[in-house]
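K.L.:
In my numbering, the protein residues as written are 31 to 120. Every residue, glycine too, gets a C-beta built ideally from N, C-alpha and C.
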């Protein structure tokens with residue numbers, strides 16, 4: 031589901047979805063690319079003087095690390111709070 035949201039936001043909406051963990055996770059595959067890809071914009075003429083614009087966004091490595099760390103920290107805190115609240119009975 032997040033892939034669909036980030037694709038629609040990114041390629042058609044022109045909004046870089048840096049805050050989504052799946053977008054940040056793609057930096058793991060792009061880090062091996064030399065040179066590292068940069069954001070691009072491509073316009074396609076569809077006729078009658080109209081065009082459609084596509085945006086191709088690539089995650090920044092530092093920001094991706096920060097986003098994944100925040101998601102992990104929030105998940106750990108929530109897991110701890112839920113575990114602490116739950117009664118442990120044998």
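Under the rule that 16 or more other beta-carbon atoms within 10 Å means buried, what is residue 104, buried or exposed?
P.N.:
Flag for residue 104 reads exposed.
K.L.:
Please state the DSSP three-state secondary structure of residue 68.
P.N.:
Note: residue 68 maps to coil in three-state DSSP.
K.L.:
Would you kindly check if the distance between the Cβ of residue 56 and the Cβ of residue 89 is under 8 angstroms?
P.N.:
Closer than 8 angstroms, so yes.
K.L.:
Quick check for students: name the residue ranges of the beta strand (DSSP E) that lie wholly in the region 45 to 95, counting only runs of 3 or more.
P.N.:
Counting whole runs of 3 or more residues, the region 45 to 95 contains the beta strand (DSSP E) stretches 70 to 77, 80 to 86.
K.L.:
Less than 8 angstroms separating the beta-carbons of residue 54 and residue 97?
P.N.:
Cβ atoms of residue 54 and residue 97: closer than 8 angstroms.
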